[in-house]
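*Asks:* Below are the structure tokens for one structure; questions will follow.
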Amino acid sequence: MERKNRGILKNKLFLYLTEFFSGMSVMAVELGASRLLAPYFSSSQIVWTIIIGTIMIAMALGNIYGGRTADKSPNPDKLYGRIIVAALWIALIPVVGKYIIVGISAVLIFSVNNNFLILAAFVACMVIFVFPLFLLGTVTPSLVKYSVSNLDDNGKTVGTLGAFNTIGSIIGTFVPTFVTIPAVGTSITFLIFAGILLALSIVYFVMEKAGKKKVIASVLIFAFCCGTGYSDSFAFWENNLTI
1 MERKNRGILK NKLFLYLTEF FSGMSVMAVE LGASRLLAPY FSSSQIVWTI IIGTIMIAMA
61 LGNIYGGRTA DKSPNPDKLY GRIIVAALWI ALIPVVGKYI IVGISAVLIF SVNNNFLILA
121 AFVACMVIFV FPLFLLGTVT PSLVKYSVSN LDDNGKTVGT LGAFNTIGSI IGTFVPTFVT
181 IPAVGTSITF LIFAGILLAL SIVYFVMEKA GKKKVIASVL IFAFCCGTGY SDSFAFWENN
241 LTI
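Taking the UniProt record's numbering, the leading residue of the sequence shown gets 1, the next gets one more, and so forth.
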């Protein structure tokens with residue numbers, strides 16, 4: 001069932017806020033990725049190149065998929081469902097991220113003779129970060145579909161969406177670096193931005209009186225992540241390493 005531009009989505013401000021927080025969370029996750037990988041692979045230019053490259057791949061694929069999905073089935077429930085999944089995946093990173101890195105490294109160390117650091121960092125980044133950022137990459141084309149109601153002001157609407165995304169990305173660059181990571185650590189930073197995305201989606205489903213089971217399940221999973229993923233270190237051998 002298609003439910004384009006109904007209820008809360010009739011207010012374009014909510015669409016703009018969705019774009020804003022999506023852009024903000026992408027940059028926050030990117031910065032958090034460097035802190036997660038640093039104890040194992042360093043924070044060299046090579047590692048940063050891998051992080052930026054894989055995130056751009058994920059976003060590009062998400063843009064393509066989001067555009068096609070929005071044309072085929074413009075149901076906002078699906079978009080905000082994807083945002084919930086992305087939020088929960090990001091919330092799980094502090095819980096399981098370091099175990100995934102160690103597991104990938106353990107497998108590759110016995111099968112790779114050359115460029116182990118590059119390959120291990122690339123695979124770890126792909127496994128941990130590509131999926132949630134792919135989902136967030138679907139946001140912009142979907143919101144364009146929901147927000148453009150006529151051709152007279154479509155340029156203005158798309159430009160405003162782009163501006164909100166960019167402003168969110170700017171804030172998502174500075175806030176983790178200068179505020180949340182120094183104050184509460186990288187793990188809680190992941191949880192904060194995951195919580196923002198989750199709250200945004202919950203507001204949508206509550207206002208639309210839909211997805212009750214989905215909302216309850218997501219809140220329980222997020223609570224579990226908060227209870228188990230607040231550690232201040234991504235390294236097994238030292239505390240406070242990522243603060």
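Glycine residues also receive a C-beta, built at the ideal position from the N, C-alpha and C atoms.
From L88 to I50, what distance separates their C-alpha atoms?
*Replies:* Along the sequence shown, read from residue 1 onward, the residue named residue 88 stands at position 88. Along the sequence shown, read from residue 1 onward, the residue named residue 50 stands at position 50. Cα to Cα, L88 sits roughly 23 Å from I50.
*Asks:* Smallest Cα separation from F21: which of V96, M59, I202, L197?
*Replies:* Here residue 21 is taken as the residue at index 21 of the sequence shown, counted from 1. Closest by alpha carbon: L197.
*Asks:* Report yes if the C-beta distance between I230 and I188 is below 9 Å; otherwise report no.
*Replies:* For the purposes of this step, residue 230 is taken as residue 230 along the sequence shown, with counting starting at 1. For the purposes of this step, residue 188 is taken as residue 188 along the sequence shown, with counting starting at 1. Reading off the sequence, residue 230 comes out as Tyr, not Ile. Contact flag set, yes.
*Asks:* Is it the case that the Cβ atoms of A91 and A194 are separated by a distance below 9 Å?
*Replies:* Looking up residue 91 in the sequence shown gives position 91. Looking up residue 194 in the sequence shown gives position 194. Contact flag set, yes.
*Asks:* Please determine if the segment 159-170 and the segment 105-112 are in contact, where contact requires at least 3 C-beta pairs separated by less than 8 Å.
*Replies:* Because the criterion of three Cβ pairs below 8 Å is not met, the segment 159-170 and the segment 105-112 do not touch.
*Asks:* When you compare the CB positions of I100 and A120, do they come within less than 9 Å of one another, or not?
*Replies:* If you number the sequence shown from 1, residue 100 lands on position 100. If you number the sequence shown from 1, residue 120 lands on position 120. Taking 9 Å as the Cβ cut-off, I100 and A120 do not qualify as a contacting pair.
*Asks:* Mind checking whether the beta-carbon of E208 lies closer than 8 Å to any heavy atom of the ligand HEM?
*Replies:* What this structure holds is no ligand at all, so the ligand HEM is not there to describe.
*Asks:* State the Cα-Cα distance for the pair G81 and I46, rounded to the nearest angstrom.
*Replies:* Residue mapping note: residue 81 aligns to position 81 of the sequence shown, counting from 1. Residue mapping note: residue 46 aligns to position 46 of the sequence shown, counting from 1. For G81 and I46, the distance between alpha carbons rounds to 34 Å.
*Asks:* Am I right that S25 and G137 are in contact with their C-beta atoms under 8 Å? What's the rounded C-beta distance?
*Replies:* As a working note, residue 25 is residue 25 in the sequence shown. As a working note, residue 137 is residue 137 in the sequence shown. About 12 Å separates the two Cβ atoms, so there is no contact after all.
*Asks:* Near P132, what residues of its chain come up, given a Cβ to Cβ distance below 6 Å and the 5 sequence neighbours on each side ignored?
*Replies:* Here residue 132 refers to the residue found at position 132 of the sequence shown. Answer for P132: A86, W89, I90, listed in chain order.
*Asks:* Between which two residues does the alpha helix (DSSP H) holding A210 run?
*Replies:* For the purposes of this step, residue 210 is identified with residue 210 of the sequence shown, where counting begins at 1. No alpha helix (DSSP H) contains A210, which DSSP labels as neither H nor E.
*Asks:* State the Cα-Cα distance for the pair F41 and L117, rounded to the nearest angstrom.
*Replies:* By one-based count along the sequence shown, residue 41 stands at place 41. By one-based count along the sequence shown, residue 117 stands at place 117. Computed Cα separation, rounded: 6 Å.
*Asks:* Return the first residue and the last residue of the alpha helix (DSSP H) that N11 is part of.
*Replies:* Here residue 11 is taken as the residue at index 11 of the sequence shown, counted from 1. That residue, N11, is in no alpha helix (DSSP H); it is neither H nor E in DSSP.
*Asks:* Which class does Y230 belong to by DSSP, given the choice of helix, strand or coil?
*Replies:* Here residue 230 is taken as the residue at index 230 of the sequence shown, counted from 1. It is coil, neither helix nor strand.
*Asks:* Along the chain, where does the alpha helix (DSSP H) that runs through I128 open and close?
*Replies:* Position 128 of the sequence shown, counted from the first residue, corresponds to residue 128. Neither: I128 is in no alpha helix (DSSP H) and is coded neither H nor E.
*Asks:* Going by DSSP in three states, V148 sits in which element: helix, strand or coil?
*Replies:* Along the sequence shown, read from residue 1 onward, the residue named residue 148 stands at position 148. Residue state, collapsed to three classes: coil.
*Asks:* How should M59 be labelled, buried or exposed, when 16 other C-beta atoms within 10 angstroms of its C-beta is the threshold for buried?
*Replies:* Along the sequence shown, read from residue 1 onward, the residue named residue 59 stands at position 59. Answer is buried; the Cβ neighbour count reaches 16.
*Asks:* Rounded to whole angstroms, what is the Cα-Cα separation between N113 and I64?
*Replies:* Along the sequence shown, one-based indexing puts residue 113 at 113. Along the sequence shown, one-based indexing puts residue 64 at 64. Roughly 36 Å between the two C-alpha positions.
*Asks:* Check whether the Cβ atoms of V144 and A70 lie closer than 9 Å to each other.
*Replies:* For this step, residue 144 is matched to residue 144 along the sequence shown. For this step, residue 70 is matched to residue 70 along the sequence shown. Yes, these two residues count as a Cβ contact at 9 Å.
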